[in-house]
Amino acid sequence: MTAEAPSHYDRLGGAPTIKEAVDRFYVRLLDDAELAHYFVDTDVAQLKRHQVLLLSQVLGGPTEYSGRELSAAHRGLAITEAHYDKVGAHLLGVLAEMGAPADIADAVAQTLKAVRDDIVDPAAGS
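Going by our numbering, the sequence shown wraps up at 263, each residue one higher than the last.
Shown next, in the form of C-alpha cells:
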C-alpha cells in the first residue's frame with residue numbers, strides 16, 4: 138500500500154499557516170493605496186474567513202468554500218486588470234515570504250489565472 142502524497146495544504150503547514158498567510162495578505166491589501174478603497178465599509182474579518190476557506194480548498198485542504206460565486210461576490214466592484222494583478226502579486230508575495238515551495242505558488246498562480254474573468258470587470262478599464 139502506497140502512501141498518498143501530502144496536499145499542498147498540508148505541505149504549507151495546514152490551517153495555522155493558511156490563516157497567517159491570509160492575515161498577511163490583507164495587511165498588504167489594506168496598506169496598498171491603490172487597493173484599499175475596495176475594502177471601505179467591508180467586513181474584513183468575514184472576507185478573511187472566506188479567503189481562508191477558499192485558499193484552503195485551492196490547496197487541497199479539508200475545508201470546502203461555500204461562499205458566493207466569485208463573479209457574484211465581485212460584481213459591481215469595478216476591479217481592473219491592473220488591480221487584479223496587484224492583488225495576485227500580493228498573495229504570491231506573501232506565499233514567497235512564508236517560504237512556500239514553487240509548485241504551491243504555481244498552483245495558486247494558475248488558480249488566479251483561471252478565475253480572473255470571474256473577478257475583473259472588463260468595463261472598468263485597465
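Ideal placement from N, C-alpha and C gives every residue a C-beta, glycine not left out. Note that this is a predicted model, so its numbers are computed, not measured.
Boundaries of the alpha helix (DSSP H) in which residue i is found, first to last residue
i      : result
Phe162 : Ala152 to Asp168
Tyr221 : Glu218 to Glu234
His187 : Val181 to Val195
His174 : Careful: His174 lies outside any alpha helix (DSSP H) and carries neither H nor E.
Ser208 : Leu207 to His211
Tyr146 : His145 to Leu149
Ala246 : Ala239 to Ile256
Residue burial classification, residue i (beta-carbon count within 10 angstroms, cutoff 16)
i      : result
Val134 : The first residue shown for the chain is 138 and the last is 263, placing residue 134 beyond what the model contains.
Val195 : buried
Gly198 : buried
Leu167 : exposed
His174 : exposed
Ala140 : exposed
Ser193 : buried
Ala158 : buried
Any non-hydrogen atom of the ligand NAP closer than 7 angstroms to residue i Cβ
i      : result
Arg205 : Among the components of this structure there are no ligands whatsoever, and the ligand NAP is therefore not found.
Beta-carbon separation (whole angstroms), residue i vs residue j, contact threshold 8 angstroms
i      : j      : result
Leu172 : Val245 : About 18 angstroms; that fails the 8 angstroms criterion.
Val189 : Lys156 : 6 angstroms
Ala242 : Ala233 : 7 angstroms
Tyr221 : Arg186 : At roughly 22 angstroms, the Cβ-Cβ gap does not stay under 8 angstroms, so Tyr221 and Arg186 are not in contact.
Problem set entry | Segment contact, 8 angstroms Cβ cut-off, at least three pairs: the stretch 152-165 with the stretch 218-232 | yes
Exercise. Can we say the stretch 251-259 touches the stretch 212-220, given the rule of at least three CB pairs closer than 8 angstroms?
Worked result: yes
Exercise. Is it true that the stretch 234-244 meets the stretch 198-209, where meeting means three or more beta-carbon pairs spaced less than 8 angstroms apart?
Worked result: no
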